[in-house]
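Data block below; observations after.
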Amino acid sequence: MGGRGKAPYDGKVMSPQPTSRPAPAIGARVRLMALFVVLLALSPLGLPAEDEEARIVVLRPRPTDLMLGPSVVSLLPMGVEDDAIEQIEVRLDGEIMGVLQQPPWRLTIDAGEQLGPRTLDIIARLRDGGRLTASVALRPAGVGSVDVRLVDLAVTVVDARGKTVTGLEQSDFQVFDGGQRVEISRWGDKPAALAVALVLDASLSMRPKLREVQKAARTFVEALDERDQVSIVAFSEHSRIVTPLGAGRHASTEAIGSLEARGGTALYDALFDAGKAVEQAGARARKVAVILSDGRDEAASGLEPGSFHTLEEAVRKAHDSDLVVFTIGLGADLDEADFSGRMSHAEALTRMATSTGGRFFRLRRLGRLTRVYRTILSELRHQYSIAYRPPPVRPGEKWRSIEVRVDRPGLTVRTRKGYFVD
Numbered sequence: 433m434g435g436r437g438k439a440p441y442d443g444k445v446m447s448p449q450p451t452s453r454p455a456p457a458i459g460a461r462v463r464l465m466a467l468f469v470v471l472l473a474l475s476p477l478g479l480p481a482e483d484e485e486a487r488i489v490v491l492r493p494r495p496t497d498l499m500l501g502p503s504v505v506s507l508l509p510m511g512v513e514d515d516a517i518e519q520i521e522v523r524l525d526g527e528i529m530g531v532l533q534q535p536p537w538r539l540t541i542d543a544g545e546q547l548g549p550r551t552l553d554i555i556a557r558l559r560d561g562g563r564l565t566a567s568v569a570l571r572p573a574g575v576g577s578v579d580v581r582l583v584d585l586a587v588t589v590v591d592a593r594g595k596t597v598t599g600l601e602q603s604d605f606q607v608f609d610g611g612q613r614v615e616i617s618r619w620g621d622k623p624a625a626l627a628v629a630l631v632l633d634a635s636l637s638m639r640p641k642l643r644e645v646q647k648a649a650r651t652f653v654e655a656l657d658e659r660d661q662v663s664i665v666a667f668s669e670h671s672r673i674v675t676p677l678g679a680g681r682h683a684s685t686e687a688i689g690s691l692e693a694r695g696g697t698a699l700y701d702a703l704f705d706a707g708k709a710v711e712q713a714g715a716r717a718r719k720v721a722v723i724l725s726d727g728r729d730e731a732a733s734g735l736e737p738g739s740f741h742t743l744e745e746a747v748r749k750a751h752d753s754d755l756v757v758f759t760i761g762l763g764a765d766l767d768e769a770d771f772s773g774r775m776s777h778a779e780a781l782t783r784m785a786t787s788t789g790g791r792f793f794r795l796r797r798l799g800r801l802t803r804v805y806r807t808i809l810s811e812l813r814h815q816y817s818i819a820y821r822p823p824p825v826r827p828g829e830k831w832r833s834i835e836v837r838v839d840r841p842g843l844t845v846r847t848r849k850g851y852f853v854d
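If you count by the numbering used here, then the sequence shown holds residues 433 to 854, one letter each, in order.
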């Protein structure tokens, strides 16, 4: 039992000096019982004192335990009666795994197959309105220095008409990493909870369009499920995270309504900020950016780029954040070249999307924006989830391509093109 020390003299109760006759057996038992009471009082699992501060003790898992697959979470409320607890919420890496409403305070969760460091958070809500929290930083022994990260894929399958295909089985999929076929470690066809960065262009050119864009964006937020989270990112002369992930629907719709059109277009910085906005999402949440823009990345002067980050840096951030990017190009200026002269605005938006497994929508009429938002949300609800353990990295390797195949004719698979390994 944690916290108990070693008994004096290796657990033997010794007299300070020899006696002429042995002590009565009952006296030895009394002394042993007294010693046990002292040790119990010193133990962190001892009986709580009347004035003990209320807290939640996490009995399992221990900090060095490996949470993999079905895992037990065992809790012990201290200094508070069970009847005073309304519920206890268990979170793993920020994602709610289950809720307990009565003793025994024990729950078996599906911890997935992630082997690296993780965080377990416990939130106990009391009937008097108070709450108790506990947190365990899980650092499994023996895996801290080994790259055991699973590669997670959001996979969309469509038929020849572009309609999403459901009802496939794990055996229908083949995954290739760097040209080498790999074994699927985890597969699912149920809709995942979403962590969405809704990115809106608020540059000066958007002024005549902004009111209708705000209306469509609010409709998108209101269509999200209760378990989904959204962050609002806006960009003009600068990009900014207007509301953080988890701020709530009301705060998000209010933030959308407060946007004003002004300045230049820091588009690439906005993609970079979208990656930052979803970093606190749970391990099982699907991280998504939905970006609307009507013009190329440029400063208000029109004489220089609008972003601090380059397109390459922004796309790298999206990959590092496991972000699936959907882009919407609005208006007639999408074919205008960027400042590098290498690609048009439409091509930049296409690269953001296709590289990460999303889609680019070219929108000539603003009246179709609500329909496009609805299409994106429908696709996210009909994706497959695939995770696999990648082969070892070779010396000098920087990028690893990914290909997912479906063993059925007439179907097309869409997922991220690869990932950075350096």
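Even for Gly, the Cβ is constructed at its ideal location relative to N, Cα and C. Quick caveat: nothing in here was measured; it's all calculated off a predicted structure.
Report the rounded CA-to-CA distance for residue i versus residue j, giving the unit in angstroms.
{"i": "I554", "j": "D514", "result": "16 Å"}
{"i": "E518", "j": "L539", "result": "16 Å"}
{"i": "Y820", "j": "Q606", "result": "11 Å"}
{"i": "R563", "j": "L570", "result": "23 Å"}
{"i": "L558", "j": "F792", "result": "47 Å"}
{"i": "L600", "j": "A687", "result": "40 Å"}
{"i": "S739", "j": "A750", "result": "16 Å"}
{"i": "L743", "j": "A702", "result": "10 Å"}
{"i": "D579", "j": "G511", "result": "Residue confidence is low: D579 scores 44 on pLDDT, short of 50, so the model does not pin down where it sits. Its coordinate-derived value is still stated next. D579 and G511: Cα-Cα distance of roughly 41 Å."}
{"i": "I541", "j": "E527", "result": "11 Å"}
{"i": "T759", "j": "S725", "result": "8 Å"}
{"i": "Y700", "j": "R550", "result": "31 Å"}
{"i": "T596", "j": "V568", "result": "41 Å"}
{"i": "L603", "j": "V838", "result": "Checking the displayed sequence, the identity of residue 603 turns out to be Ser instead of Leu. In a straight line, the C-alpha of S603 is about 9 Å away from that of V838."}
Can the beta-carbon of residue i be found less than 7 Å from the beta-carbon of residue j?
{"i": "R718", "j": "L626", "result": "yes"}
{"i": "H741", "j": "F704", "result": "yes"}
{"i": "V825", "j": "V853", "result": "yes"}
{"i": "A556", "j": "M499", "result": "no"}
{"i": "G638", "j": "A721", "result": "A small correction: the amino acid at residue 638 is Met; Gly does not occupy that position in the sequence shown. Cβ atoms of M638 and A721: not closer than 7 Å."}
{"i": "G761", "j": "R794", "result": "yes"}
{"i": "R848", "j": "T807", "result": "no"}
{"i": "K641", "j": "L781", "result": "no"}
{"i": "L552", "j": "L532", "result": "no"}
By DSSP, does residue i sit in helix, in strand, or in coil?
{"i": "E692", "result": "coil"}
{"i": "E518", "result": "strand"}
{"i": "K749", "result": "helix"}
{"i": "A481", "result": "Unreliable positioning characterises A481 in this predicted model, as indicated by a pLDDT of 45, which lies under 50. The coordinate reading is nonetheless provided below. If DSSP states are grouped into helix, strand and coil, A481 belongs with coil."}
{"i": "R803", "result": "helix"}
{"i": "L812", "result": "helix"}
{"i": "R716", "result": "coil"}
{"i": "A731", "result": "coil"}
{"i": "R557", "result": "strand"}
{"i": "Q533", "result": "coil"}
{"i": "M499", "result": "coil"}
{"i": "T598", "result": "coil"}
With 7 Å as the threshold, decide whether the Cβ of residue i is near any Cβ in chain D.
{"i": "R821", "result": "Judged by its chain identifiers, the structure shown contains no chain D, having just a single protein chain."}
Count the C-beta pairs between the segment 609–625 and the segment 729–738 that are closer than 8 Å, then say yes if the count reaches three, no if not. no
Which parts of the segment 633–700 are runs of the beta strand (DSSP E), unbroken and 3 residues or longer, counting only runs that do not cross its ends? 661–667, 671–675, all fully within the segment 633–700.
Touching or not, the segment 656–663 and the segment 740–756, by the rule of three or more beta carbon pairs under 8 Å? Touching, no, given that fewer than three Cβ pairs across the two stretches are closer than 8 Å.
Determine contact between the segment 486–504 and the segment 678–691, defined as no fewer than three beta-carbon pairs at a distance below 8 Å. no
Are the segment 758–772 and the segment 828–844 in contact at 8 Å, needing three or more beta carbon pairs? No contact exists between the segment 758–772 and the segment 828–844.
Given 8 Å, three or more beta-carbon pairs between the segment 798–809 and the segment 774–781: no
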